[in-house]
Each structure stands twice: as C-alpha cells, then as structure tokens.
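Student: Take a look at the following structure, please.
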Amino acid sequence: MSFLLKGQKEDLLELATELRLEATVDMTKPMLKNLITRSAGYDEEDTKLMYEGIVEERKERELFEERKERELLEERKERELLEERKRQDNLELEKLRIEAQIGLNQEMLSRNNRTPKCRPGKRISSSECRPGEVISAVNAVRVIEFLQSISECRPGEIIPSVNQ
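Residue numbering for the sequence shown follows the working numbering, starting at 508 and increasing by one per position.
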C-alpha cells in the first residue's frame, strides 16, 4: 500500500477513475490512498499492477511529448538557419549588384572624360562617335549657329530662330 503514496497525485487520480471511484482534484494523496484502499473489491496486487501500468503510460506520454518538442525545436532552428542563409544570400546579391553598378558608372565616367572624336564642323562617320558624343556635337553646332545669329543682329531686331 505504501507504493500509492510514493507516486504522483495525477497517477492516483487516474487509478481512482479506472476503479470507478469518485475522486476530485482537490483531494490530497493520503485521501486518494484511503479512497482506493477502502473501496469495495480492493485487491492490493491488482491495484499495484494497474498503478504501475498507469505510471508507465504517463512516462511514455512524457517521453513522446519531450521527443516531439525536441523535433519541433530542431525544425524551428533549421527554418531559422535557412532564413538566415537566404538573408545572407540576398545581401550578397545586392552587394554584387551595387558593385556592378559602380563599375558601370565608373566606366561611363571614364568614357565621358575622354576627348570626344566628334567636334562641330568635323565630318566623320557616326560609327566613329559614341552616342553621347553625336548628341553633344549636334547641340554644340546649334549653340554656335545661335551665337552667330545674335552677333549679326542690330539692337531692336528680332533674333532669328535656329532650325532645329
């Protein structure tokens, strides 16, 4: 009978329920022990076997729950690692994009700092000029024509427009 007091209260409550005894959660362990041992048809050996089975089932449930909790924790850690790797990959990709853009910008700046092959009044084929040089050469011709037309005007005259 002393085995009943060594166990957990929840095990005693379950034993009392299986023996079809009216037990409540507010009962103490000694009260539950007395309820079980004084019940009609009490057999110490049968009760001990039932109690050991209840304890074994509870321990198996606890082990299962611990294992399940560990698995969930491992899955969460794996997800977090995967998300962190994804963030790192995205940062690396963004870094490479920025470096590529910087390289492109530097290349464009170095091209713009070169002396253009196209100059106003110089006849060359468009294949010799870069696109930006052709446009700036055309604009330079227009500015020169406009300045020449202004210099030819007398005060009060309307300035002629330059053909566009």
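Note that beta-carbon positions come from the ideal geometry of N, C-alpha and C, so glycine has one too.
These numbers were taken from a predicted model, which means no experiment stands behind them.
Give me, in chain order, the residues of the same chain whose beta-carbon lies closer than 8 angstroms to that of residue 525; leave out the 5 immediate sequence neighbours on both sides.
Tutor: On the sequence shown, position 18 is the one that residue 525 refers to. For residue 525, where only same-chain residues beyond five positions count, the Cβ hits under 8 angstroms are 557 and 561.
Student: Give every residue of the same chain whose Cβ lies closer than 7 angstroms to the Cβ of residue 546, excluding the five residues on either side of it in the sequence, and list them in chain order.
Tutor: By 1-based counting over the sequence shown, the position of residue 546 is 39. 526 and 528.
Student: With a threshold of 6 angstroms on Cβ separation, who are the neighbours of residue 520 within its own chain once the five nearest residues in sequence on each side are excluded?
Tutor: What you label residue 520 is simply residue 13 of the sequence shown in a count that begins at 1. So the qualifying residues of the chain are 530.
Student: Leaving out the 5 sequence neighbours to the left and right, which residues in its chain are closer than 7 angstroms to residue 555 when beta-carbon positions are compared?
Tutor: Residue 555 sits at position 48 when you count from the first residue of the sequence shown. Only 510 meet the Cβ criterion.
Student: Would residue 540 and residue 516 qualify as a contact pair, given that the criterion is a beta-carbon distance under 7 angstroms?
Tutor: The residue given as residue 540 occupies position 33 in the sequence shown. The residue given as residue 516 occupies position 9 in the sequence shown. Contact flag unset, no.
Student: Just checking my contact of residue 565 with residue 518 at CB under 8 angstroms: how many whole Å lie between their CB atoms?
Tutor: In the sequence shown, the residue the question calls residue 565 occupies position 58. In the sequence shown, the residue the question calls residue 518 occupies position 11. That belief holds up - the Cβ atoms of residue 565 and residue 518 are roughly 6 angstroms apart, short of 8 angstroms.
Student: Is residue 510 close to chain D, meaning its C-beta is less than 7 angstroms from at least one C-beta of that chain?
Tutor: The structure shown contains no chain D; it is built from a single protein chain.
Student: Residue 568 lies in the alpha helix (DSSP H); which residues open and close that run?
Tutor: Taking the first residue of the sequence shown as position 1, residue 568 is located at position 61. 551-619 is the extent of the alpha helix (DSSP H) around residue 568.
Student: What is the rounded straight-line gap between the Cα of residue 568 and the Cα of residue 588?
Tutor: Looking up residue 568 in the sequence shown gives position 61. Looking up residue 588 in the sequence shown gives position 81. The alpha-carbon atoms of residue 568 and residue 588 are separated by roughly 30 angstroms.
Student: Could you please give the first and the last residue of the uninterrupted alpha helix (DSSP H) stretch that includes residue 547?
Tutor: Position 40 of the sequence shown holds residue 547. Taken as a continuous stretch (DSSP letters only), residue 547 belongs to no alpha helix (DSSP H), as it is neither H nor E.
Student: Quick check on the burial criterion: 16 or more other C-beta atoms within 10 angstroms. Buried or exposed for residue 607?
Tutor: Residue 607 sits at position 100 when you count from the first residue of the sequence shown. So residue 607 ends up on the exposed side.
Student: Distance, Cα to Cα, residue 563 vs residue 590?
Tutor: For the purposes of this step, residue 563 is taken as residue 56 along the sequence shown, with counting starting at 1. For the purposes of this step, residue 590 is taken as residue 83 along the sequence shown, with counting starting at 1. Near 40 angstroms, if we compare the C-alpha coordinates of residue 590 and residue 563.
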